[in-house]
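The structure appears right after this line, and notes come after that.
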Amino acid sequence: RGGGAGGMRLPAGLRERVAAVHGSAALPDCLRVYDGWADRYEQVPEAPGGTGAVPSLSPAPLTAVSLQDVAALEYRAPHLAAASLAFAFPSPPAGARLLDVACGTGLVARELHRRGFRCVHGVDGSAGMLERARSTGLYRELRRCVLGREPLPAPAEHYDAVTVVGALGEGQVPSAAVPELLRVTKPGGFLCLTTRSNPSNLRYKAELEEMLERLEREGAWQKVLAQEVEHWERATSEEESTQGTGYISGVVYIYQKCPVPRLEKD
407 RGGGAGGMRL
417 PAGLRERVAA
427 VHGSAALPDC
437 LRVYDGWADR
447 YEQVPEAPGG
457 TGAVPSLSPA
467 PLTAVSLQDV
477 AALEYRAPHL
487 AAASLAFAFP
497 SPPAGARLLD
507 VACGTGLVAR
517 ELHRRGFRCV
527 HGVDGSAGML
537 ERARSTGLYR
547 ELRRCVLGRE
557 PLPAPAEHYD
567 AVTVVGALGE
577 GQVPSAAVPE
587 LLRVTKPGGF
597 LCLTTRSNPS
607 NLRYKAELEE
617 MLERLEREGA
627 WQKVLAQEVE
637 HWERATSEEE
647 STQGTGYISG
657 VVYIYQKCPV
667 PRLEKD
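One rule links them: number in the numbering used here = place in the sequence shown (from 1) + 406.
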């Protein structure tokens, strides 16, 4: 499947939309693209089998071939992130309160619900995406927030876990906003972050990892997982493709905020 020309077989309009939101456009322009993209953005990934085993970070199949953009891209980050977070969580997740930052249309929330997480709040900078997310019924609360320009609309140490899937990249959420994610996470809570490893995002990825490592050195959190994934989504150009596969790669990070609770002895 795929091959070096994979990205060139994607519709031209889709390639242009991906370039617009992951490129160097000003943030207001990026949000306008998302507002217009909301109606054709989503296709639901297939639910993985089981939740008790170590999550597989191999490509997850899609339920159907669709003209929707997420399906065309074979966008797997929501599945991979939710599977990794569920594996890291030490207790049954139903009572946990989660914040889905840059929630989009609700792809991450759907994957979280499949793994037993029921109390999910969401924030996004795009009114169009929030409207679609609200229609899913998957969120207890939804608020508009442009992270990086304003603080998250939540008190300190409020959430058991925070996710940012697909928005840590050039032209979107700045790496300097990561401490704000920590602020709203409970001590011992988890943060699940993703970014792309394609050539046009490597500078941002280096800046992000410098921030992640600095916070770990300062004792703010500890790393649980950093997993590179080769088949992250379809490449939109030859230049972005990983070793001619027709896909770009990406990475899932899981961190746990300090102080980490001590395990009770039997």
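Each residue gets a CB set at the ideal place from its N, CA and C atoms; glycine is no exception.
- With a cutoff of 8 angstroms on beta-carbon distance, I654 and C598 are scored as not near each other.
- Under the three-state reduction of DSSP output, F596 falls in the strand class.
- Cβ-Cβ separation between V666 and G594: approximately 5 angstroms, consistent with a contact (criterion under 8 angstroms).
- The residues V579, P580, A583, in chain order, have a CB closer than 6 angstroms to that of G554 in the same chain once the five nearest residues on each side in sequence are set aside.
- A direct Cα-to-Cα measurement between R549 and F523 gives close to 19 angstroms.
- Annotation for R540: the continuous alpha helix (DSSP H) segment containing it runs 533–542.
- Contact between the region 475–484 and the region 536–546 is absent: fewer than three C-beta pairs spanning the two stretches fall below 8 angstroms.
- Exposure of K629 is indicated by the presence of fewer than 16 other C-beta atoms within 10 angstroms of its C-beta.
- CA-to-CA, the gap between R609 and Y545 works out to about 33 angstroms.
- Taking C-alpha positions only, T591 is separated from R620 by approximately 18 angstroms.
- Comparing C-alpha distances from A508 to each of H527, E517, R668, F493 shows the shortest one belongs to H527.
- Taking 8 angstroms as the cut-off, the beta carbon of L504 is found closer than this to the beta carbon of C525.
- Contact check for V514 and V571: beta-carbon distance about 5 angstroms, within the 8 angstroms limit, so the pair qualifies.
- Contact between A502 and A567 holds: their C-beta atoms lie close to 6 angstroms from each other, under 8 angstroms.
- When secondary structure is reduced to three states using DSSP, R520 falls in the helix class.
- Excluding sequence positions up to five before and after R521, its CB lies within less than 7 angstroms of the CB of T457, A488, A492, P499, all in the same chain and listed in chain order.
- Non-local beta-carbon contacts of K663 in its own chain, meaning distances under 8 angstroms to residues more than five positions away in sequence, involve L588, T591, K592, P593, G594, G595, F596, L597, A626, W627 in chain order.
- With fewer than 16 other Cβ atoms from the protein chains shown falling within 10 Å of its own Cβ, R623 counts as exposed.
- G531 and V552 do touch by the CB rule: their CB atoms are close to 4 angstroms apart, below 8 angstroms.
- Burial state of E646 is buried, judged by a 10 Å Cβ sphere holding 16 or more other Cβ atoms.
- Minimum Cα-Cα distance from L536 among the listed residues G512, E613, H519, G656 corresponds to G512.
- By the criterion of a C-beta distance shorter than 8 angstroms, P605 is surrounded in its chain by E645, E646, once the five residues flanking it on both sides are discounted.
- For L504, the enclosing beta strand (DSSP E) covers residues 503–507.
- Counted as a single uninterrupted DSSP element, the beta strand (DSSP E) harbouring R549 occupies residues 547–550.
- Taking the Cα positions, A483 is about 25 angstroms away from A560.
- With respect to the C-alpha of G577, the residue from K611, E615, H564, T569 having the closest C-alpha is K611.
- Boundaries of the alpha helix (DSSP H) around S490: 483–494.
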